[in-house]
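2 protein chains.
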Amino acid sequence: MRIGVLGTGMVGRAIAARAAELGHDVTVGTRDVAATRGGDWSDWAAAHPTVTLATHAGAVTDAELVVNATSGDGSLPALGAAGEENLAGKVLLDIANPLDFSNGFPPTLSVLNDDSLGERIQREFPRTRVVKALNTLTADLMTHPRQLADGAHTVFVSGDDADAKKQVTELLTSFGHTDVIDLGDIGTARGTEMLLPLWLRLYGRLGNPIFNIKVVR
Amino acid sequence: MRIGVLGTGMVGRAIAARAAELGHDVTVGTRDVAATRGGDWSDWAAAHPTVTLATHAGAVTDAELVVNATSGDGSLPALGAAGEENLAGKVLLDIANPLDFSNGFPPTLSVLNDDSLGERIQREFPRTRVVKALNTLTADLMTHPRQLADGAHTVFVSGDDADAKKQVTELLTSFGHTDVIDLGDIGTARGTEMLLPLWLRLYGRLGNPIFNIKVVR
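Protein chains in written order, with the UniProt record's numbering: chain A, 1 to 217; chain B, 1 to 217.
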């Protein structure tokens, strides 16, 4: 599958590397290709030679599935740069959390309670099939869940399009996830985004991001 | 131990019944004793003959540990009726969530992000040792956790006073909890209160409140 990954940070690299490892044709999108190449990208790129770097628009034009791995406040600008027309009809796996670090650590949320970043993206890009997922765990566990308790922990999907959720669930399963709960429509992203405050405090307490919640039922 | 439980709803009754079953001396506090007796209290009271009913102030005066099992919007009024002086120095196990049902179901939160109900209570009652706990699962699992996966799931304590958290943790352990994570100060109650939106959507999806999260690490 042709996958476009928006974002060159820890999450974008983890998703791109894992998808490429699984045989997908991966292009990573960035705001400024030259600036990204001028940073520490070259070392990473050398280790992942099949992954292509492009603009946001270049990364999504031919993609069958797009991943939003940008920061919360960078998501709408990045998707805007990718282009509404380019994103129309496509499945968008949205991993971003609307974290606000302006008052230090732990961050608060800039969108919450009666809205979510997932819903905002769906509203701004009504022709795109947004699925919120993987925003509840650290990058290395998103892509390699079996390293923890042999994968006996839970991830969630939220979205309005059943087929899009099915495609994302298949991708998560290919990563090694064994327990994917479909919470319902994109409004249920409020629930997973608002898990972040607990996640951040658990991280502070456990001192290690390799943990996740399991819904015991 | 003498335990005062504020609130006669599902949570208050569950805690009172379990504490009495374990041999504690339990008084339940209510705003209006006659009104509570005039409702469906008498059937419950007949099944729990050792539990006493009193005003909020009457329930806490001689208590060694106080439980806030009122609704989120009823918590500060109930604690005010109990009396700042009566609560001074005491451990307060705060189970309430600041749920706002004014726009229907699922409710939003009326306090969140840069504050929490637990912190509000601690600020209003600075001489009371507030511990937020048990607000992340259904009443029947708060008190009988072993019915689900033999207790292999997680609860949390948040509070500024280490000894108070120890006392609450001992009570939770006596209920059957096996995994109690101390998140840190009362500010960490933001994390557990903000779990409620996810809990509510999981409840909607699973159709049964007998579930809980386990922190897999």
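Quick reminder that beta carbons are idealized off the backbone N, C-alpha and C, glycines included.
Can you have a look at M10 (chain A) and say buried or exposed, based on whether 16 or more other CB atoms are within 10 angstroms of its CB? exposed
Excluding five sequence neighbours on each side, which residues of the same chain lie with their C-beta closer than 8 angstroms to the C-beta of I210 (chain B)? T138, D140, L141, Q147, L148
Taking only beta-carbon atoms, is I186 (chain B) less than 8 angstroms away from chain A? no
What residue from A:A59, A:S116, A:E64 has the CA that sits closest to G80 (chain A)'s CA? Per the Cα distances, A:A59.
Using the beta-carbon of each residue, which ones in chain B are nearer than 9 angstroms to G72 (chain A)? Within chain B, no residue comes near G72 (chain A); the closest Cβ sits about 14 angstroms away, beyond 9 angstroms.
According to DSSP, simplified to helix, strand and coil, what is N86 (chain B)? helix
N97 (chain A): which of A:N103, A:T70, A:F105 sits nearest, CA to CA? A:T70
From which residue to which residue does the alpha helix (DSSP H) around G204 (chain B) run? 196-206 is the extent of the alpha helix (DSSP H) around G204 (chain B).
Buried or exposed, going by whether 16 or more other CB atoms sit within 10 Å of the CB of T50 (chain A)? exposed
Check whether the region 5-19 of chain B touches the region 194-204 of chain A, taking contact to mean three or more Cβ pairs, one atom from each stretch, closer than 8 angstroms. no
Taking only beta-carbon positions, decide if K214 (chain B) is within less than 8 angstroms of chain A. Closer than 8 angstroms to the CB of K214 (chain B) there is at least one CB belonging to chain A.
Three or more beta-carbon pairs under 8 angstroms between the region 61-68 of chain B and the region 32-39 of chain B, yes or no? no
Which residues in chain B sit within 8 angstroms of A152 (chain A), going by Cβ to Cβ distance? The CB of A152 (chain A) comes closer than 8 angstroms to the CB of V216 in chain B, given here in chain order.
Does the region 150-167 of chain A come close enough to the region 105-114 of chain A to have 3 or more Cβ pairs within less than 8 angstroms? no
Residue interval of the beta strand (DSSP E) (run including V168 (chain A)): Where V168 (chain A) is concerned, there is no enclosing beta strand (DSSP E), although the alpha helix (DSSP H) it sits in stretches over 162-175.
Ordered along the chain, which non-local residues of its own chain (more than five positions away) have a Cβ less than 6 angstroms from that of D25 (chain A)? R2
Closest by CA to A164 (chain B), which one among B:G89, B:D62, B:H56? Answer by Cα proximity: B:G89.
Using a C-beta to C-beta distance shorter than 7 angstroms, which residues of chain B count as neighbours of D179 (chain A)? Listed along chain B, no residue sits closer than 7 angstroms to D179 (chain A) by beta-carbon distance, the nearest being about 11 angstroms off.
Could you give the residue range of the beta strand (DSSP E) that holds R2 (chain B)? 2-6
Reference V131 (chain B); option with closest CA among B:D62, B:G184, B:D32: Out of B:D62, B:G184, B:D32, B:G184 has the C-alpha closest to the C-alpha of V131 (chain B).
Following the continuous alpha helix (DSSP H) through S71 (chain B), name the residue where it begins and the one where it ends. Per DSSP, S71 (chain B) belongs to no alpha helix (DSSP H) and is neither H nor E.
How many Å lie between S102 (chain B) and R129 (chain A) at the Cα? Those two C-alpha atoms are separated by around 31 angstroms.
Just mark R120 (chain A) as buried or exposed, buried being the case when its beta carbon has 16 or more other beta carbons within 10 Å. buried
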